[in-house]
Amino acid sequence: HDVSSPAGAAPQRWQCYVATRQGDARIRHHMVAAHGPGRLLGVPRSEQWMADAPRAVPDGRPDAVKYAGLPDSFDWGDVSGTSFLEPMRDQLTCGSCYAFAGTSMLAMRARIRNSSLNAANLMLSPQAVVSCSGFAQGCDGGFAYLVAKQAMDFGIPTDPCFPYEAGIVEGRQPACSKQCADSSQR
1 HDVSSPAGAA
11 PQRWQCYVAT
21 RQGDARIRHH
31 MVAAHGPGRL
41 LGVPRSEQWM
51 ADAPRAVPDG
61 RPDAVKYAGL
71 PDSFDWGDVS
81 GTSFLEPMRD
91 QLTCGSCYAF
101 AGTSMLAMRA
111 RIRNSSLNAA
121 NLMLSPQAVV
131 SCSGFAQGCD
141 GGFAYLVAKQ
151 AMDFGIPTDP
161 CFPYEAGIVE
171 GRQPACSKQC
181 ADSSQR
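Numbering-wise (the UniProt record's numbering), the sequence shown opens with residue 1 and increments by one.
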């Protein structure tokens with residue numbers, strides 16, 4: 001995938017790298033081995049971290065064949081005329097992006113797997129995550145991957161069952177409710 005480079009430079013290839021403490025330690029180890037211990041002194045941490053980060057892979061790499069059949073682009077909003085995307089929603093003044101991201105991801109995966117759920121426009125409740133999850137901090141944030149744990153351990157109701165209201169009044173969020181607001185939407 002091409003990404004733009006600063007100052008109009010030619011596009012470069014990129015490679016995803018997941019930062020972990022182990023990975024950070026491994027990079028430091030390789031830097032010291034390659035450049036000596038003095039290389040780490042007096043260099044901004046951002047430069048230290050990137051010094052031995054994975055490098056871009058040239059276009060002629062051997063495994064390019066396995067990617068040859070992939071399309072240049074793909075849009076979940078138009079898969080043979082069907083959209084699997086949810087509408088854009090506003091989290092208001094609540095730090096609930098994790099709840100929106102997690103519930104949207106889970107709902108879209110279910111909708112992709114089961115066309116009747118897509119036809120019904122399944123949307124899970126970010127409010128249930130914000131108000132009820134023991135794995136998050138309500139309007140003070142959380143992690144989208146823990147929304148999946150919440151779903152696996154306790155389930156997440158649909159959005160019409162527990163509609164989003166956090167952030168309407170700053171500093172207040174609805175209490176957790178086990179009752180469905182619209183019983184026809186269970």
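By construction, the Cβ of each residue, glycine as well, lies at the ideal position given by its N, Cα and C atoms.
### Query
Taking all protein chains shown into account, do 16 or more other C-beta atoms lie within 10 angstroms of the C-beta of Leu70, making it buried, or fewer, making it exposed?
exposed
#### Entry: Entirely enclosed beta strand (DSSP E) segments - the UniProt domain "Peptidase C1A papain C-terminal" (70-181), minimum 3 residues
List check, beta strand (DSSP E) in window: nothing returned.
### Query
If we count the other Cβ atoms within 10 Å of its Cβ and call it buried at 16 or more, is Phe100 buried or exposed?
buried
#### Entry: Contacting residues, own chain, Cβ-Cβ under 8 Å from Glu170 (five flanking each side not counted)
Thr93
### Whole-angstrom C-beta distance between Pro126 and Ser83, which should lie under 8 Å
So it is not a contact: roughly 20 Å between Cβ atoms.
### Query
Can you list, in chain order, the residues of its chain whose CB lies under 7 Å from that of Ala107, leaving out five sequence neighbours each side?
Glu86, Leu122, Met123, Leu124
### Query
Smallest Cα separation from Arg89: which of Ala136, Gly167, Gln173?
Gly167
### Message
Between Gly102, Phe135, Ser80, which has its C-alpha nearest Ser115's C-alpha?
### Response
Ser80
### Query
Going by C-alpha distance, which of Tyr67, Tyr98, Gly77 is nearest Ala128?
Tyr98
### Query
Is Ala136 closer than 7 Å to Gly142 when the C-beta atoms are compared?
Taking 7 Å as the Cβ cut-off, Gly142 and Ala136 qualify as a contacting pair.
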